[in-house]
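Top to bottom, those sequences are chains A, L and U. Here the first sequence is numbered in UniProt numbering, starting from 1 and rising by one per residue. Here the second sequence is numbered in UniProt numbering, starting from 1 and rising by one per residue. Here the third sequence is numbered in UniProt numbering, starting from 1 and rising by one per residue. The C-beta atom is built at its ideal place from N, Cα and C for all residues, glycine as well. Contents: one structure, followed by commentary.
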Amino acid sequence: MSALTAPKSPAGVRHGPARGPATDGRAAFARAFRRNVSAHGFLIGAVLCFGFFSWYPMVREFFLAFQKTEDGRTVWVGLDNLRYIANDPAFWQAWRNTLLFTGLALLLGFVVPFLVAVLLNELRHGQGYLRLLVYLPVMLPPVASVLLFKYLYDPGYGLFNAAFGAVGLPEQQWLQSSDTAMLCIVLASTWMNMGGATLIYLAALQGIPGELYEAAELDGAGLWRKIWHVTVPQTRLILSLMLLLQIIATMQVFTEPFLLTGGAGPEGSTTTVVYLIYQYAFSFNNYGAAAALGLVLLVLLAAFSAAYTRLSRAGDEG
Amino acid sequence: MMISSRLRTTRTFPRPSAHRRTLAVAAAAATLATLLAACGTSSSDDDGGDDSKPAAADAGAPLDPKTKVTLTIDCMPPATKAAELKEWKEDVAEFNKTYPNVTIQGKQTDPCLEPPRFTAMLKAKSQPDVFYTYFTDLQQVLDNDGAEDISAYVNDKTLPALKGIDPGVMDVMKKDGKQYGLPYSNYTMGLLINRKLFEEAGLDPNTPPATWEEVRTAAKKIAALGKGVAGYGEYSAANTGGWHFTAATYGLGGEVVSADGTKAAFNDETGKQVVENLRAMRWDDDSMGKTQLLKWGDLQKQMAADKLGMFLAAPDDITYMVQNLKAKYENFGMGPIPGAKATLFGGNDYMIKKGSSPDKIKAAIAWLNFKFLTPGKGQFDWARTKADGLPVGLPQPNLFTGDAKTQDDATRGENSTMPVENFKAFMDNPVPGKAEPPKAQEIYKVLDNVMSGVLTNKNADVAKLLSTAETQVNQVLANQ
Amino acid sequence: MAAVEIRQRTLISPAQLARRRGRITYWIVLALVLGLFTVIFLGPLYWMVSGGLKSTQEVIQTPPTAVPHTVEPGNYSDAWQLMDLARLLGNTLFYAFGALAFQLVFDVAAAYSLSKLRPVFGKVILGAMLATLMIPATVLIVPQYLTVIDVPIVERNLLNSPWAIWLPSVTNAFNIFLLKRFFDSIPRELMDAAAMDGASAARTLWSVILPMSRPILGVVSIFAVVGVWKDFLWPMLTLPDPAAQTLNIGIYSLSTGVPLNTLIAALTIASVPTLLFFLVFQRNIMSGLTAGGLKG
C-alpha cells in the first residue's frame with residue numbers, strides 16, 4: 001500500500017495544543033458535543049445510503065428468506081423456503097457449476113495474468129504496446145465483449161472452429177457441449193478481465209529489489225526457482241488479496257453465462273447460483289426462495305472471507 | 001403488438017396451493033349466486049344481498065351513458081407507432097360519442113409489459129385503473145392483490161360478443177370461477193415455414209409438413225442446400241426449450257403434467273417420440289444446424305436471413321421478422337402444429353385494478369368491449385387497419401369461435417395486405433388450444449435440460465434425459 | 001517512465017541476456033509474444049469489425065469468410081439508428097459521473113469523519129461498513145431490488161431513475177476503506193495547525209486534506225466510474241425503460257431483436273468511443289491504475 005499513503009510531514013515540531021490544559025468540564029463537553037455533531041454531519045450521507053441500500057436489505061434478506069407472499073398476504077413460513085431450494089433439482093448442480101467456474105477461473109484468471117506480468121516485465125521492447133493490448137478488452141463494454149465471444153464460439157459460423165479447421169484440428173462444440181461450456185465461459189471472462197490484474201502485478205513486480213535475484217543466482221537458482229523463491233514471496237500480499245477478491249467475484253458470476261449460454265447452458269451445465277437466484281426472483285416470482293438462496297451464499301462467502309483473512313494473517317505472523 | 005408476449009411466455013405461472021383449492025368450491029358457489037342475483041333480478045330487488053356493496057346489485061347492467069368517470073389505461077401505442085396511435089385516438093373519440101363523460105387517459109408503455117417493471121408496479125400498487133397483463137400473470141397479480149373480480153359485470157349486455165369468444169380464452173383469466181380479466185389478443189402455435197427455402201429444396205410450400213416424419217424429411221432436403229442452412233430449428237435455453245417441448249407434446253396429444261397437476265406426464269411414448277425425433281434430426285440427419293442453446297429471437301433471425309426452413313411459432317413471429325429483421329410477408333407460410341391433436345396457446349389481456357369503483361369497472365368493460373372485443377370495430381376494424389398501412393391477414397388475434405370467427409375471418413380476408421393463402425393450411429385446420437401447465441416456468445426450466453441435452457450431446461440417452469426430467473418435475477410439483 | 005529510468009534488475013540477469021544465445025532467445029520470445037498477443041487481443045476485434053460489414057446471409061454462413069465478400073457499410077448506419085448510441089452513452093456517462101460525484105462527496109466526507117473527527121460510534125459504523133465488503137452485492141440483489149422499488153420511510157419508487165444507480169453506489173466500502181487509510185496517514189499536526197488558525201472541519205478537509213489526496217482520489221474515481229461502466233444485472237433490473245438504459249443493457253436488448261450482422265456492427269460502434277478515450281488517455285489511466293495497485 002506504499003503508493004497510497006500521504007507524504008509524512010517533517011516530524012518534530014508539534015503544532016498547537018492537541019490536548020490543551022484541562023479546562024472547565026462544561027466547555028469540554030460542549031466542544032466534544034460540537035465535534036460529534038459535525039463529525040456525524042460528515043457521516044450522515046454515507047450512513048443513510050448504507051442504511052437504505054446495504055444494511056436494511058441485509059436484514060430484509062433474513063426476513064424474506066423465512067416469509068412468503070400469497071394472495072396479498074405475507075406470512076412466516078419457517079424453513080419452507082430453504083426446504084424449497086434444497087429440493088430444487090438445480091440446487092446442487094448450481095453449486096457444483098459455481099465451484100467449477102471458480103476453480104477454472106483461478107487456474108486461468110489468477111495464474112495467467114501473473115505469468116503474463118512476469119513475462120512482460122522481462123521484455124525490453126514493445127512493453128507499452130503489449131500492456132495496451134492486454135488492457136484493451138477491459139475498456140470494451142462488457143456486454144459487447146461477451147456477445148462478440150458468443151459469435152466467435154459459434155460452432156457453425158464462428159471464428160474458432162474456422163481457425164481450428166484451418167490448422168487441421170477437430171471442430172469443437174465450444175459453448176454447446178456440457179463438457180466444454182464452462183471452460184469457454186472462463187476463457188472469455190479471462191480475456192475480458194485479465195488486463196486489470198496484469199497491470200497490478202506488473203506494478204508489484206517492479207517493486208522487487210534486483211539484489212534478491214542476484215542473491216538467488218549466487219545460490220545457483222534457475223528460472224523457475226527464482227520465480228518460486230523470489231517473485232512469488234515478494235508479491236505475496238498482493239497475490240493473496242487478489243485471490244480473495246477473485247474468489248468472491250467469481251462466486252457471483254452471472255453476466256457471462258447469462259449472455260453466452262442463455263443462463264442454464266447445455267443440460268444445465270452453466271447454471272450458477274446467482275443465475276438460480278435470478279430465476280427464482282424474476283422468472284418464478286418466488287422472492288422467498290431467491291432470498292433464501294442468497295442468504296446461503298451470503299453466509300458461505302462471509303464465513304470464507306473471515307477464515308481466509310484469519311489464515312493469511314496467521315501466515316503473515318508465522 | 002404481442003412480440004414480447006413470447007418472451008414473456010417464459011416466465012411466471014400460477015402456483016396452485018392446496019389450501020386454496022379447498023376454498024375453490026365455496027368461492028365458486030358464492031360467485032354463481034352473485035351472478036344469478038346480478039343477472040336474474042332487477043336492481044329494484046333489495047332483498048337480495050344486504051351485505052353486498054350498494055352498486056353491486058346492478059353490476060350486470062351496462063354503463064349508464066351519463067356516468068362521469070376517468071380511466072387510466074396502459075399499453076397505448078407509442079408515438080413511434082403513428083398509425084396505431086391514430087387509431088387509438090379515433091376509437092377514443094368514437095367511444096366518447098356514446099359515453100361523453102368517460103375520459104380515457106392512455107399511458108404509452110412500450111413494450112406494453114416488461115417483467116421487472118410489471119413486478120414493481122404490482123408491489124407498489126401503482127398500476128393504472130386498467131392494466132395490461134399476459135395470460136400467465138394471473139397468479140402473480142392475485143398474489144399482490146392487484147385485480148378486481150369482474151364476474152358480476154361481464155354478461156351479454158355489457159359484452160355483446162361474449163358468446164362468440166372462445167371459452168378456453170376466457171377461462172385463462174379465471175381463478176376459482178371468478179373472472180379477473182378480458183382478453184386483448186391471443187395466439188396458437190403452428191409450424192412456420194420459409195417458402196423460399198421450400199421452393200429451393202423442391203418442396204411444396206403450400207402443403208407444410210403435417211407430421212413429424214414429414215418435418216424430418218423436409219428438414220433433410222432443406223439442410224442439403226448447404227451454406228449453413230438448417231432444415232428445422234428448436235430452442236433449448238432460457239426456458240423456451242421447455243416451452244416448445246410442451247408445444248410439440250401437445251401437438252401429438254400428449255400431456256406434460258397429469259390432469260390433477262401433481263405428476264409429470266411426459267415420460268411416455270409421446271415424449272420419447274418428440275425427443276427421439278429431435279435427436280435423429282440433429283445427429284443422424286444433421287438438419288438442425290450446429291448452433292444450439294437458442295432462445296426466443298434466435299430462430300427468427302435465422303429464418304429471416306433464409307438460413308432456416310421451419311420452426312414452431314405463433315403467427316405474429318412473422319410480423320416480428322418483417323418489422324425488426326427486414327423480412328417479407330410473402331416469404332413465410334404456416335401449417336398446423338405437427339400431429340394437430342392440440343396446440344399451446346397464450347396471449348394477453350386487461351385487468352382492472354383492485355378497489356376500483358363499480359362505475360370505473362363498468363366504464364373499463366365498456367371501453368375494452370369497444371376497442372378489443374367487437375367484431376368490425378376497434379382492433380377488428382380491418383378495413384381501417386389496411387387503410388392505415390398496417391398488416392392485415394395474420395391468423396391472430398384469434399379470439400372468436402363459430403359464427404363470429406367466420407365473420408371476422410371473412411373481413412380479414414377481404415382486407416388482407418399479405419398473401420393469406422400462405423396461411424391456408426393453418427387456418428383451415430384449426431387445432432384446439434391448450435393452456436400452459438401449472439408452474440410452467442419451473443417445469444420449462446427442467447425441460448430445457450432435455451432439449452439442450454439432446455441437441456448438444458451426440459450420445460445423449462433419450463430415455464435417461466426424460467426419466468431424469470420426470471423425477472425433477474415431480475420434485476418441482478411436490479415442492480411448495 | 002521506464003524508458004527514462006535506468007532499468008531495474010529483473011528476473012533474468014543482464015549478463016545472461018548479453019550473451020549471444022541469450023540475445024537470440026530474447027528476440028525469438030519477443031517476436032512470439034508480440035505475434036501471439038496481437039492475434040489474441042486484436043484478432044477478435046478484427047472479426048468484430050469485419051463481421052459488421054458482412055451481409056445478413058454471409059455472417060451466419062458455414063464456414064465463415066475471413067474477408068467479407070460483399071461489403072455492406074449500411075449495417076453500421078442501421079445499427080447506429082437502431083441503437084441510439086449517443087443516448088445510451090450519454091445515459092451511461094450521466095450515471096457514472098453522477099455516481100462518482102456522490103461517492104466523492106459522501107464517501108470522502110465519511111472517510112474524513114471516521115479518520116480525523118472520530119465521532120462516538122465511529123468504530124461501529126466503520127465496522128458495519130467494512131462488513132459489507134465480505135458480502136458481495138449480487139447476494140443482496142433481491143432485497144435491494146425490493147427496496148429500490150419502494151424505498152421505506154420516503155416511500156419512493158426509484159425504478160428508471162438515476163437515483164437507483166447513484167445512491168446504492170455510495171455504499172462502496174472498499175473506496176471508503178482506501179480513503180480512510182490514506183487520511184489516516186496524513187499527520188495530525190497539519191489538522192491541528194489548521195484548527196489553530198480557526199478553520200472549521202469542512203474548511204480543513206477542503207484546503208488541507210483534499211489537496212494532499214489527489215492520488216487516492218484518482219484511484220477512487222476510476223473505481224467508481226468503472227463500477228458503473230461494467231455493471232449489468234443491477235441496471236438491467238432497475239432501468240427497464242429503454243430511454244433510461246445504459247450502454248450494456250441497450251446492447252443486450254438489441255441483441256435479441258436485430259440480425260446478427262447489425263448486432264455485430266452495433267458492438268463495434270459501442271466499443272469505439274471508449275477505445276478512443278482509452279488510446280488518448282492511456283498514459284493517465286495506466287499510471288492511475290498502477291498507482292492504485294496495491295504493492296506487496
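Check, Outcome
"Cutoff 7 Å: GLU61/A Cβ touching any chain U Cβ", "yes"
"Distance between ILE443/L and LEU312/L (C-alpha atoms, nearest Å)", "19 Å"
"Minimum Cβ-Cβ distance from ASN36/A to chain U less than 7 Å", "yes"
"Residue environment, GLY165/A, which counts as buried when at least 16 other CB atoms sit within 10 Å", "exposed"
"Option in MET194/A, LEU237/A, GLY294/A and LEU311/A with minimal Cα separation from LEU106/A", "MET194/A"
"The region 263-283 of chain U contacting the region 176-194 of chain U, beta-carbon criterion three pairs below 8 Å", "no"
"Simplified DSSP assignment, three categories, for residue 302/U", "It is not possible to answer for residue 302/U, since the shown part of chain U is limited to 1 through 296."
"Reference SER236/L; option with closest CA among TYR250/L, THR291/L, LYS68/L and GLY339/L", "THR291/L"
"Contacts around LEU466/L, its chain only, beta-carbon distance under 8 Å, and the 5 residues preceding and following it disregarded", "PHE266, ASN267, GLY271, LYS272, VAL275 and VAL450"
"Other residues of its chain near LYS354/L: CB distance less than 7 Å, five sequence neighbours each side excluded", "ASP145, GLY146, ALA147 and GLU148"
"7 Å Cβ cutoff met for SER356/L and PRO266/A", "no"
"Cβ-Cβ separation, LEU120/A to ARG131/A (assumed contact under 8 Å), whole Å", "7 Å"
"Cα-Cα separation, TYR278/A to LEU259/A", "13 Å"
"Length-filtered (4 minimum) alpha helix (DSSP H) runs lying within the region 179-244 of chain U", "188-196, 201-204, 214-230 and 233-238"
"Segment contact flag, the region 193-202 of chain U with the region 72-79 of chain U, C-beta cutoff 8 Å, min 3 pairs", "no"
"Continuous beta strand (DSSP E) stretch holding ASP74/L: start and end", "69-76"
"Check whether SER287/L and ALA201/L have beta carbons under 7 Å apart", "no"
"Host beta strand (DSSP E) of GLY181/L (start-end)", "181-188"
"Min CB distance LEU197/L to chain A below 7 Å", "no"
"Neighbour-count burial assignment, TYR129/A, 16 or more Cβ in a 10 Å radius", "exposed"
"Under 8 Å from the C-beta of THR62/U: neighbouring residues of chain L", "LYS227, GLY228 and LYS290"
"Delimiting residues of the beta strand (DSSP E) encompassing THR69/A", "67-70"
"Spatially closest choice to ALA96/U from SER287/U, LEU159/U, LEU247/U and PHE281/U, by CA coordinates", "LEU247/U"
"Residues bridged to GLY106/L (per DSSP)", "ILE73/L"
"Delimiting residues of the beta strand (DSSP E) encompassing LEU344/L", "343-352"
"Minimum Cβ-Cβ distance from GLY294/A to chain U less than 7 Å", "yes"
"8 Å contact criterion, which ALA410/L and VAL446/L should meet: CB distance rounded", "At roughly 44 Å, the Cβ-Cβ gap does not stay under 8 Å, so ALA410/L and VAL446/L are not in contact."
"Those residues which DSSP pairs with LYS178/L across a bridge", "LYS175/L"
"Proximity test, Cβ basis, 7 Å: PHE149/A and chain L", "no"
"Whole-angstrom distance between PHE345/L and GLU436/L, CA atom to CA atom", "7 Å"
"Span separating the alpha-carbon of LEU299/L from that of PRO77/L", "27 Å"
"Residues of the region 249-263 of chain U with Cβ closer than 7 Å to any Cβ of chain L, in chain order", "THR256, GLY257, VAL258, PRO259 and LEU260"
"Within chain A, the residues that GLN475/L reaches when beta carbons sit closer than 8 Å", "ASN87, ASP88 and PRO89"
"Per-residue contacts from THR255/A into chain L (C-beta, under 9 Å)", "Per Cβ cutoff of 9 Å: no residues; THR255/A is ~14 Å from chain L at best."
"Under 7 Å from the C-beta of LYS226/A: neighbouring residues of chain U", "LEU11"
"DSSP state of PRO257/A mapped onto helix, strand, coil", "helix"
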